[in-house]
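Working notes for the structure below.
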Ligand code: PGA
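Numbering (our numbering), first residue to last: 62 to 308.
Here is the structure:
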């Protein structure tokens, strides 16, 4: 069984217009010989332009969400096949901003993950506890429950990753201690192996939540951390490259 291939993915969230692609290109230009997989997930309006601009580079393009259905009367939504058609090869699913802001349940995230696989996209499935849940001593229970509920059985043997993003660490500048990150990542790995057997050993488990150049090396070298999902710091090539180089 091969070791997880590290992945550093940038989640631009609702940021970015055509001019912002210069940052994506600067990231690509600065990658050098890195063997780390690097992805940028711009807003859906930029998917095809990002994919075209980054076509001959090592930077992959991802979506930030997709609808579980393949087509239909779902005003404003985007299907997995549309993202793939626009040039995406990955998609973030179950981000806490979607779970909290749009009431996305584990079951819905699992359905979206199945849709992503059908469209040939590699899912990055996000999980993470709130501060109240952590204070109540429930972080491991919540996160492993989300992993069980959000990952459909057909992921076995497919390329995917799980991103552990404590809700209270996203965009706040706060990060868990290395020991706290390791505790959760080890629990996620055990759950993946329980669910998928040997196939559970290969997916990278990313950490996300206030990753920046100054804390990246410590976080990325923690046990079972196979990369990062980076929000704010992925918008500037200089910061994003510093994080990639810290791996
Ligand atoms: P942040 O966001 O790096 O800005 O905290 C991470 C994320 O939400 O994926």
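Where is the CB? At the ideal position from N, CA and C, for every residue including glycine.
Keep in mind that this is a model prediction, so the values were computed, not measured.
- Bridge pairing for residue 151: 123 and 183 [DSSP].
- As the crow flies, the alpha-carbon of residue 89 is around 38 Å from that of residue 202.
- In this structure, residue 308 sits near residue 69, with a CB-CB distance shorter than 8 Å.
- For residue 291, the pairing in a beta bridge is given by DSSP as 71.
- One alpha carbon belongs to residue 229, the other to residue 107, and they sit about 28 Å apart.
- One alpha carbon belongs to residue 251, the other to residue 191, and they sit about 21 Å apart.
- Taken through DSSP and simplified to helix, strand or coil, residue 267 comes out as strand.
- Nearest in C-alpha terms to residue 145, of all of 211, 112 and 212, is 112.
- A buried status is given to residue 246, since no fewer than 16 other beta-carbon atoms sit within 10 Å of its beta-carbon.
- Taking a cut-off of 8 Å on C-beta distances, the segment 115-126 touches the segment 79-99, as three or more cross pairs fall below it.
- Secondary-structure assignment with DSSP links residue 225 through a beta bridge to 188 and 268.
- With fewer than 16 other Cβ atoms from the protein chains shown falling within 10 Å of its own Cβ, residue 75 counts as exposed.
- Ranked by Cα distance from residue 127, the options 99, 298 and 179 are led by 179.
- Partner residues in the beta bridge of residue 101, as assigned by DSSP, are 71 and 122.
- Per DSSP, the continuous alpha helix (DSSP H) segment holding residue 108 begins and ends at 108-114.
- The segment 281-296 makes contact with the segment 256-272, as at least three CB pairs between them are under 8 Å.
- The three-state reading of DSSP puts residue 211 in helix, counting H, G and I together.
- With the rule of 3 Cβ pairs closer than 8 Å, the segment 154-170 counts as touching the segment 204-223.
- Spatial neighbours of residue 249 in its own chain (CB-CB distance under 8 Å, excluding positions within 5 residues in sequence) are listed in chain order as 188, 204, 205, 208, 223, 225, 266 and 285.
- Distances from the CB of residue 291 to the heavy atoms of the ligand PGA include at least one below 7 Å.
- With respect to the C-alpha of residue 102, the residue from 161, 160 and 185 having the closest C-alpha is 185.
- In this model, residue 141 and residue 131 are separated by some 7 Å (Cα to Cα).
- Not one heavy atom of the ligand PGA falls within 7 Å of the beta-carbon of residue 185.
- Within the model, the alpha-carbon separation for residue 279 versus residue 288 is close to 12 Å.
- Taking every protein chain shown into account, the CB of residue 155 has 16 or more other CB atoms within 10 angstroms, so this residue is buried.
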